[in-house]
Amino acid sequence: MNASTLFEKEKYEKALEKLNKAEKLAEKAKSSDLMCRVLLHKGEVMDSMDYPEEALELYEKALDISSRLFLNEPQDSSYQKCLYNSIGLIGTNLEDRDSFSAAEKSYGRTNKLFDGITDEYNKLIAEQPENSEYLLNYLKTLKNIGAYFLIIGQPEKQIPLTNSTLETFRKILILQPENPNILEQLDLFVRKLGEEFLENELFEDAKKLYDQLQEIYRSLLEKYPDNEIVIHYFIFSYGYLGDLQSIQGYPEKMEETYLQALSIVEDNLRKNPEDAAFLVNRGKIYEEIGLNYSESGDPEKANSFYEKALANFEGMTGKYPDDQDYQFKLTETFGNLGKLFAKIKRIEKAKQCYMYKIKIYESLFENGPEDEDLKMEIIDTFTQIGNLYAEAGDRDQAKEYYEKAIEGYEMLLSENPESTDFEIGISDVLTALGDMYAKVEHEDVESEDETEDAEFEIAREYYEKALKLNEKEFGRYPDDSTCQDELVRTLGKIGDSFAAQERYIDAVPYYRRIIEIKEQAVRDNPVEWIYIMTLTNSLYQLGYLYGQIGEIELEKQQYSKAEELFSRLLHDEKISLPVKQILAFDVQGRGIDLLNSRKYDSAKGALDLALEFFENEYEKNPKEPENYPFICEALHQSGRLQQSLENFEEAAKIFDSLLPAVEKLLESNPENAENAEYREKAGINYTDAGEVYYLIEEYEKSKQSFKRALDINEVLLDEEPDNPIYKINQAETFEKYAKLLSKLGRNEEADDYSTKSKEIYRKLAEEDCGEKDTDE
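One point on numbering: in the working numbering, the residue at position 716 of the sequence shown is 1412, and numbering is uninterrupted.
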């Protein structure tokens, strides 16, 4: 078994052994090319084993080798690939670690290589502009270098790279103005880079990029005015500019820009009114203007442009009936437009779009009555229409289209009774019908309970029908994951419907059945953590139900089983650190929920497990800032638990460890966008610490903690004076600090802080009342 196969099977140690042997052989053979590939593969293995520093060292070594190989023989495509892979893996490694200091150090070691690489590529492409492989490899290299610059916080370094690339494209297009591959690559390069600029709010850089792109097209059209490929890409470029203006908050400019593109389309349609490509462009321009207005919060304007798009595409129906590609693209277009209408709650217009889809599919179905996929498309579209009406609260219409979908599935099932897909399809539609009735919203308070019960019964009737189908399919194919998932989903729907009525004892059997299925899935997939994770979720849900019916021991058993599973995952060396962090967050969240519900014994098991994990990670690297928020939250929740258990001395010891970590967190990156959230949590930490120190009569430490909390709260409220969370935090700190001051005999100050606290609560209550009055 080779290293790649071992890597795919996650047998990293054995893969590493193979690669170490390969490295020695490459060294003996003096094969730099082979050495480069071995180093990259070794780096990927080390990354997967959670040794990012070692992986980075290997990637950088591969970059050094591949850059030298490329500079000596730039026309060798294998060297080109090794080069862009090296840069790409370095970038991915640094992005995953999210460590600015590591990125900065890496850049210091590698940046000297990049200028020579781009210069050599420009020479190569100028000499052989017809070689598309060279161009593609160059673009991949530039993309990875550009991503690297973003990671190290120096996006401005992309600009000379971008200018160089666009100049290269311009020179090639002068020689090959009708080469669709080159034009496609130019468009893709600008589109992807533009998206990165927009994501990082580099709006001026994005505009310059799009302006440069348009200038290339204009210069080509001056020489070749009838080049339709260039015209279409020129039209697309207006869309990039229009979207930029919309993101910047200039909807009028956006519309004006798109209308410039529309004028180009109309000019060409005057020459050839039946040109399908330009007709599509016209409809898409209307659609894009509408979409931008929708996203900027103007549904009326969005609707007016969507209607123009619909009228345009309606005019394209009935044409080219034998051209299946044309017909399928048109159905896709109507489908997308239907979703856009649905998003702005224009249900009838959305339905109109979907009915055009069905009409086209039915005409295709007439020519191919054996085509099962076409019938499935029609059924799916009926379901979409049913979903539309269900979301709009029109149950009668929704039911009509859901039942059409079921009829379609039943027809297909009669032709192929062994098909699992069709019975699962029916169960999905039945579940959608159940969901429609399970969403109970009534204004008539007097009859609310009775109506809710009746509608939950209707919902369960549909769920039970779906359940019978799912049980049947599961019985036939118990190892099929789709059959398992469908059965679990329907059992959960029925259980949740009982829980929503507080009929917890009726919900229990359904969750017990879910757990049986998930436990078997874990036995069948012992190394797959995701199966264990989903099982723990169901155990917590069943534990909650047992708690609601007073079966306390059974409740604790479910939580205990879940914790054992979490512990197994968190101690599994094969599971990567990011996954373990997700698992630790999950078990910590469960612990917090249990703590807030005063289930202290069960909360302790979950919170201790999370604390153990985060403490271990913190102790491994106490200078790594990304560990600070995790250890702070874990310590804080453990301190809260001990405080709730009235173990005040133990709680005080935990807060003694917590507060220095809190200060490290606040100092680690004061400019971080999350800093306000960290400061808000820090204020709560200090307030809770102050209260615990007060309870064990360490009054000086209590006073210092409350004062630190007050300082933090004051700064936050200066920044956001209307933030209700900050106000509540300040009121709680005032209230608890007042108790300390009273204990210290400073009664006047204590009264002052107590009055301030009550005043904040009074104003917040008035604001809430005012909001409710306004809503009414």
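Backbone N, C-alpha and C define an ideal beta-carbon position, used for all residues, glycine too. Everything numeric in this text was worked out from a predicted model, so none of it was measured.
C-alpha gap between residue i and residue j, whole angstroms
i, j, result
"F932", "R1264", "53 angstroms"
"Y989", "Y830", "41 angstroms"
"N716", "Y844", "28 angstroms"
"A1088", "E991", "20 angstroms"
"T858", "Q1020", "40 angstroms"
"E1068", "E1103", "14 angstroms"
"A1385", "D1418", "26 angstroms"
"L1460", "A1427", "10 angstroms"
"T1027", "K819", "46 angstroms"
"E1410", "I985", "45 angstroms"
"D963", "A1372", "54 angstroms"
"D901", "Y936", "13 angstroms"
"D815", "Y834", "11 angstroms"
"F1351", "A1434", "21 angstroms"
"I1248", "L1291", "15 angstroms"
"T1116", "S728", "53 angstroms"
"D1018", "K919", "37 angstroms"
"E1142", "V1204", "Low confidence applies to E1142: its pLDDT is 43, below 50, so where it sits in the model is not reliable enough to give any reading."
"Q1237", "I1154", "24 angstroms"
"Y1255", "G1171", "30 angstroms"
Beta-carbon proximity of residue i to residue j, cut-off 8 angstroms
i, j, result
"I813", "S860", "no"
"L1033", "C1049", "yes"
"I878", "I841", "no"
"L702", "A711", "yes"
"E1387", "K1349", "no"
"L909", "V886", "yes"
"L1187", "Y1158", "no"
"E1329", "Q1338", "no"
"Y1242", "L1250", "yes"
"Y1002", "L1036", "yes"
"E719", "V741", "no"
"L1070", "I1122", "no"
"I1327", "A1280", "no"
"K1257", "F1309", "no"
"F1118", "Y1098", "no"
"L1006", "K1045", "yes"
"G1031", "K1047", "no"
CA nearest to the CA of residue i, picked from the options
i, options, result
"Q1180", "I1120, K1439, A1128", "I1120"
"A973", "V961, P1325, K1071, K1189", "V961"
"I847", "K801, N875, Y1449, F1281", "K801"
"S1334", "I1040, S1353, D1021", "S1353"
"E1224", "Q1400, E895, Y1133, K1270", "K1270"
"Y1382", "D1407, D1149, E1153, S1364", "D1407"
"E1151", "D1131, A998, S959", "D1131"
"E1476", "D1192, D794, E863", "The requested residue 1476 is not part of the displayed model; the chain covers only 697 to 1472."
"G739", "E1073, D1117, N789", "N789"
"D1176", "I1456, I985, D1220, E1311", "D1220"
"Q1244", "A799, R1199, G1285", "R1199"
"L1261", "E1247, E863, S1115, I1226", "I1226"
"A1128", "D1076, E892, Y1457, K1399", "D1076"
"V1184", "E1212, L1250, K1161", "E1212"
"L955", "I981, D939, Y755", "I981"
"Q1253", "S1298, R1091, R1286", "S1298"
"L736", "L752, K724, S727, K726", "L752"
"H928", "L965, G804, E1393", "L965"
"N1112", "E1363, L1290, S774, E1066", "E1066"
"F810", "G849, F766, I821", "F766"
For residue j and residue i, believed in contact at Cβ under 8 angstroms, the rounded distance
i, j, result
"Q881", "L832", "7 angstroms"
"N923", "E874", "6 angstroms"
"I1228", "V1218", "6 angstroms"
"L889", "L905", "6 angstroms"
"L1305", "L1273", "Between L1273 and L1305 the Cβ distance is about 16 angstroms, and since that is not below 8 angstroms, they are no contact."
"F899", "L862", "That belief does not hold up - the Cβ atoms of F899 and L862 are roughly 18 angstroms apart, past 8 angstroms."
"L1361", "Y1395", "Not really, about 26 angstroms apart at Cβ, beyond 8 angstroms."
"I1190", "L1163", "7 angstroms"
"K1214", "S1193", "So it is not a contact: roughly 20 angstroms between Cβ atoms."
Checklist entry - What residue ranges within the segment 1014–1054 form continuous beta strand (DSSP E) runs of no fewer than 3 residues, ordered along the chain? => result Counting only runs of 3 or more, we get nothing.
Checklist entry - Enumerated in chain order, which unbroken segments of the alpha helix (DSSP H) with a length of 4 residues or greater are wholly contained in the segment 1128–1199? => result 1144–1172, 1177–1196
Checklist entry - Which runs of the alpha helix (DSSP H) spanning at least 4 residues fall entirely within the segment 754–828, listed in chain order? => result 773–793, 796–806, 810–823
Checklist entry - What runs of the alpha helix (DSSP H), each 4 residues or longer, lie entirely inside the segment 931–975? => result 947–967
Item to check | Start-end ranges of the alpha helix (DSSP H) lying completely within the segment 1348–1429, minimum 4 residues | outcome: 1371–1391, 1395–1415
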